[in-house]
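Those protein sequence lines, which keep their order, are chains A and B. Position 315, counted from 1, in the first sequence is what the numbering used here calls 316; the numbers after and before it change by one each time, with no gaps. Position 488, counted from 1, in the second sequence is what the numbering used here calls 601; the numbers after and before it change by one each time, with no gaps. By construction, the Cβ of each residue, glycine as well, lies at the ideal position given by its N, Cα and C atoms.
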Amino acid sequence: MSSLRTLKCLAVLALALLPNAARAQHLLVPMDDGQANHLKAYGLTYNALKDGARGEWLLNYRGGSFLLPDTPELRRRAALDGITTQPIDDATLSDIRNQMSQANMESVPLEKAPRIAVYTAPYSPPWDDAVILALRYAGIPYTPIWDEEIEHGDLAKYDWVHLFHEDFTGQLGKFYIAYSGASWFVDMQRTNAAMAKKLGFPNIPALKKDVAMKIRDYVNNGGFLFAMCGATETLDLALAGHDVDIASVFADGTPMDPNADAKMDWNASLAFRDAHLEQSPYVNSMSDIDGHQANVPGRRQPLGTFTLFAFSAKFDPVPSMLVQDHRTVIPDFYGVTTSFMKNRLKPGVTVLADEPGAPWVKYIHGDYGKGSWTFLGGHDPEDPQHAIGNPPTDLSLHPNSPGYRLILNNVLFPAAKKKPLKT
Amino acid sequence: MRISRSAAALVLAALCLTSGRVRAQNPDSVGSAYLRGQDLETRDQYDSAAVAYRQALAQTPNSLPAMLGLERVYAQLGRSDSLLPILDSAIARAPRLTALRAAQLRTYRSLGDHAGMQRAFDQWRHDAPHDPAPYQEYARMLIEDGYTAQADTVLQLAQAEAGSGRGFSYEVAQLDAAMGKWEPSARAWREAVSDNPYLADAAVFALFPTPAGTRDAVRRALAAPPVSTPPLKVLGALELAWGAPREGWTALHVLRPDSATVAAWLDFAHRAEQANAWLVARDALVAADQADPTPAYLVRAANDAFAGGDAAGAASLAARAETDLDSAEAATTALPIHLRALAALGKPADGARLLDAYRNVMSADEQAQNARLLAWGWVRVGDLDHARQALASGGGGDDAAAGWIALYQGDLAGARRRLQGQSNPATDVLAVLALLDRTRAAKSEALGNAYLTLARGDTAAAAADFASVAPSLPDAGSLLIATSARLYTAHGDGPQAIAAWKTIVDSLPQSPEAPEADLEWARILRRSKQGPAAIERLEHLILTYPQSALVPQARRELELARQSVPSTS
């Protein structure tokens, strides 16, 4: 009995003598310039939540750091991926909380890894979508879905859905202008037409409009939507133009309704209003929502930089989460839709980033029904001039990309407790 | 004949500078202002250069060199818009001068003023009817900027105006390639390079991205009858770029031998050499020699044959070259590769006879160099005494060769002493020295035999020898096993290489080679599509040796094994 007591005493003594790092209760994942791999840090946090752990997002603290439990497995994952972590004890954490309470900082609990779906066509190479690039690099699992899954009601299975450069007006990005003979375009047209037929729609525009409606319903029911590039603009055009022929003759056999502008129902859209549709089938633009018009000679605007807005972390935690970054000024990047004209934004839309002095904004957010949506213009934050045929971006060469951080902010955003989850 | 925009500018500028008859463009009449501008420009004093060029233009308003100089310095100063009114005046005086119109288009383009470009193009068309230049210049700029649809419109307009596509084949070829229309592009390139053979490189560059499934159509277009040299030259270079050198030569060798064909074959051989397609280069050079007997082609072919592993062919070609060359030149050019080939073939006695035949025409340096080659021949057959004699016959004094022979004989101390004295040691010497530095042993016949086996070209046996030596030289054991593993890898024997690396990981985890063992083991696994096993090894490396300099490489391999980044291989 006495030997057991001695053993216990020794054990207590041994614990007391352990160095700080070994008895830390928390793992701080700094997200300022001290972080060696910002993008992987999101994957570390996501997978910790997925495995049942709880975490915190320390908004505006050291670039929007994460706080995770200090477990051997998380240390192991961080070491493997070269993610900078700092084991901290309760006293240090208390100091951090004290510091945060006196500044524009806030802690947001992270409780549940969102179930992620990415809307992507079967013919799309996986490396053509910045979000897929980011998810794969960060090690965040996702499920690819397309029109058939959406039409069958699968959206309800997911907490977060991402759209990329899909053209929801059904005009296949107007690629027929330059690529009508290219084999990849022929394949794209054939696959979409077959899907429309299979699902009982007369043509591609009709299918895409219906898919757009179902995506909006998903948001209305509490889903989180993140769209980039051309999907932002065309989703809203498809919603507002649900009862209007907004597709050129190449897409549905009939020319666009010459009075389409007047017939658009902007009450049905998420972000934009009063846009003028591009009537010419030969001009590679959908409307005047996009400020940069990258594919239209004579209209194309040069790239500048965009600036992330600073929000009150305590009173506006949602936009604060979406703009957490170690840089506030980020080089702009082109896409089918690069930016959004200010005069085309609906009242109530929250601007997250703009280009000072320019008539457009880059990054916007809003609520719709029980859910919310976020739109980010442009194609690839690390390939500003992205053109068809360019090699895919290798994110291991850009582990600290501030632009890609914006994408991954959106992935973790539905995990935050303060925003009620759809589920 | 089409020439590039910059070439056109240079040619015109040169004409302006040299023509004594065109008074307005004579540099003497342009005067000191132009020359001062040029001098200031080269010294990066753009503001002052602009003033000087303006003065030159004030003196001689039609001076094209001054106008182009002003274009350059205004671009540097970000004041290209200031050039436009000056160009307008110059164009009004010389409305058909292509260089001025092109400068105007370039200026609007640099300002991002697409509407201005369109206006300038329309005005040029109007002022110079039936001139293809406006269409060509404008279309090319649009293609370069990615406005393929608009470029297409411009070229259709041009062809409607001209009544045929002739004269626009280069622009059409570029446009079709930019739009992914590979077969039509190949047809247009065929026409373009037939008219202007200097466009061959541009054609190769444009057609290189052709997807594998469409390449046959491109091949057919370029090789279609009537067969001519320029398109086949493009096809040969394309095949090389696509990794099919033999197909490239198959396409080219059908040409009727004439001077243009020989030039094309030599060009192909050069490209093949750059692509390490040695045996194809050899064939092209032999064909060139048959069409135009030149011993230098044969010597080059012999070297290529040897580099491609055809030692017998190299010996034969070198012997043919020797018969066509005088003795002194043969000793300098053909003899070294002949000796190297005979050494590789294990025929040092033949090499010794050959060397004797040329001994009288060789310099002392050549004798020493060739004696070393012969000594290697003797080493390869394991005759170290003859090797030493060969070195001595060349004047001796070659510490590197003597050091190697000492090593082969197991005299590690002697090898260390002789090899360490090298002022600029080769990489293989450094590798040996690294091993000799790891052991204090003065002698090891087993290690000498392992190196000798390697020198004889028996990689697999050498790999086994190095592994078996390890227990007898424990201070260098891990390095010997690593050497064995590297040799097995080079020999393509993945399982044996893995076994060697595994020995280091399991039994010698504290050795300097342990992180490398994990990394190389993982690489073999990844190459053999065993992703999860590769991931296990890489994770082991990163977690076990976090301070290793190989960790960044391991992380990169880990990303590829997990397929979390696009593979570039």
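LEU69/A and ARG55/A have their C-alpha atoms spaced approximately 7 Å apart.
Contact check for PHE414/A against PHE225/A passes: the beta carbons are separated by less than 8 Å. At a cut-off of 8 Å between beta-carbon atoms, LEU81/A makes contact with chain B.
Going by C-alpha positions, VAL324/A is about 20 Å away from ASP160/A. When DSSP states are grouped into helix, strand and coil, MET257/A belongs to the coil group. For the options LEU197/B, ALA425/B, TRP378/B and VAL545/B, the alpha carbon positioned closest to that of ASP405/B is the one of TRP378/B. DSSP lists no bridge partner for GLN287/B.
Between GLY231/A and GLY299/A, the CB-CB gap reaches or exceeds 8 Å.
Taking a cut-off of 8 Å on C-beta distances, the segment 229 to 240 of chain B does not touch the segment 258 to 270 of chain A, as fewer than three cross pairs fall below it. Looking from the CA of ALA315/B, the closest CA among ALA301/B, LEU600/B and ARG328/B belongs to ALA301/B.
Among the bridge pairs identified by DSSP, LYS556/B is matched with ASP524/B. Exclusion of the five residues before and after ALA305/B leaves SER282, TYR283, ALA286 and LEU312 as the residues of its chain whose Cβ lies within less than 6 Å of its Cβ.
Scanning chain A for C-beta atoms nearer than 8 Å to the C-beta of TYR251/B yields nothing, as the closest lies near 11 Å away. Think of a sphere of 7 Å around the beta carbon of LEU396/A: the chain B residues whose beta carbon falls inside it are VAL678, in chain order. Between the alpha carbons of GLU234/A and ASP160/B lies a gap of roughly 46 Å.
For GLY292/A, no Cβ of chain B is located within less than 8 Å of the residue's own Cβ.
At a cut-off of 8 Å, the C-beta of ARG77/A has a neighbouring C-beta in chain B. Among the residues of chain B, those whose CB is under 8 Å from the CB of ALA183/A are MET292, GLY293 and LYS294, following chain order. Collapsing the DSSP output to three states places PHE579/B in a helix. Residue pairing from DSSP places GLY372/A in a beta bridge opposite TYR369/A. If you check each beta-carbon in the segment 165 to 190 of chain A against every beta-carbon of chain B, the ones closer than 7 Å belong to ILE178, ALA179, TYR180, GLY182 and ALA183.
Note on geometry: alpha-carbon atoms of SER597/B and VAL187/A lie some 53 Å from one another. As summarised for the segment 79 to 128 of chain A, the continuous alpha helix (DSSP H) elements at least 4 residues long and confined to that stretch are 91 to 102, given in chain order. Counting every other CB atom within 10 Å of its CB across the protein chains shown gives TYR124/A a total below 16, marking it as exposed.
Ranked by Cα distance from TYR564/B, the options GLY516/B, ILE611/B, GLN533/B and THR602/B are led by GLY516/B. Residues LEU398 of the same chain have their beta carbon placed closer than 6 Å to that of ARG413/B, with the five preceding and five following residues left out of the count. Each residue's CA atom was taken as its position, placing ARG551/B and THR394/A some 43 Å apart. Put simply, the backbone Cα of THR329/A is about 6 Å away from that of THR308/A. The C-beta of HIS27/A has 16 or more other C-beta atoms within 10 Å across all chains shown, which makes the residue buried. The closest CA to that of ASP541/B, considering only LEU567/B, ASP240/B, LEU153/B and PHE234/B, is found on LEU567/B. For the segment 630 to 651 of chain B, the set of residues with a beta-carbon nearer than 9 Å to any beta-carbon of chain A comprises LEU651, in chain order.
Residues of the segment 298 to 309 of chain A with a C-beta atom less than 9 Å from some C-beta of chain B are PRO298, GLY299, ARG300, ARG301, GLN302 and PRO303, listed in chain order. GLN533/B and ASP524/B have their C-alpha atoms roughly 14 Å apart. Beta-carbon to beta-carbon, LEU208/A and MET196/A are separated by about 7 Å, close enough to satisfy the 8 Å threshold.
Per DSSP, the beta bridge partners of VAL352/A are ILE365/A.
Collapsing the DSSP output to three states places TRP355/B in coil.
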